[in-house]
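FYI, the numbering for the sequence shown is 705 to 797, going by the working numbering.
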Amino acid sequence: MRIKPILTEKSLKDAANGRYSFWVPTSLTKKQIGVIVSSLFDVTTKKIETVNYISRVKRTHRKKKTIRARKKAIVTVGEKESISLFGEDKKKK
705 MRIKPILTEK SLKDAANGRY SFWVPTSLTK KQIGVIVSSL FDVTTKKIET VNYISRVKRT
765 HRKKKTIRAR KKAIVTVGEK ESISLFGEDK KKK
């Protein structure tokens, strides 16, 4: 499965508190997301929240562009665990 981390200012602030954001395929359920994240990063998942974004049409300069539907997953990991992908380990040094 293709899971892509979301690296924005807000998500990096949440990552310091143990909440990590990912773009995931729309077909995945919360349990499947938890299994994938825990196996990829060797962490225990405490809570998983999902946000579904519907597809929509965006107009720019007389053209119509379709933005695909996507799903955002916010995964809370156990205490004293972290995912080094978000760069918070570099700040501690």
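Note that the Cβ used here is the ideal one computed from N, Cα and C, for glycine as well.
Since the model is a prediction, treat every value here as computed from it, not as a measurement.
Which runs of the beta strand (DSSP E) fall wholly inside the stretch 725–769 and span at least 3 residues, in chain order?
-> 749–757, 760–764
If you drop the 5 nearest sequence neighbours on each side, which residues of the same chain put their C-beta closer than 6 Å to that of residue 770?
-> Position 66 of the sequence shown, counted from the start, is the residue given in the question as residue 770. Taken in chain order, the residues that qualify are 761.
Taking buried to mean at least 16 other C-beta atoms within 10 Å of its own C-beta, is residue 719 buried or exposed?
-> Counting from 1 along the sequence shown, the entry for residue 719 is found at position 15. Buried, since its Cβ has 16 or more Cβ neighbours within 10 Å.
Helix, strand or coil for residue 796, going by three-state DSSP, please let me know.
-> Taking the sequence shown and counting its residues from 1, one reaches residue 796 at position 92. Low confidence applies to residue 796: its pLDDT is 49, below 50, so where it sits in the model is not reliable enough to give any reading.
Residue 784 - DSSP class collapsed to helix/strand/coil | Here residue 784 corresponds to residue number 80 of the sequence shown, with the count starting at 1. Residue state, collapsed to three classes: coil.
Quick one: grab the DSSP three-state call for residue 720.
-> What you label residue 720 is simply residue 16 of the sequence shown in a count that begins at 1. If DSSP states are grouped into helix, strand and coil, residue 720 belongs with coil.
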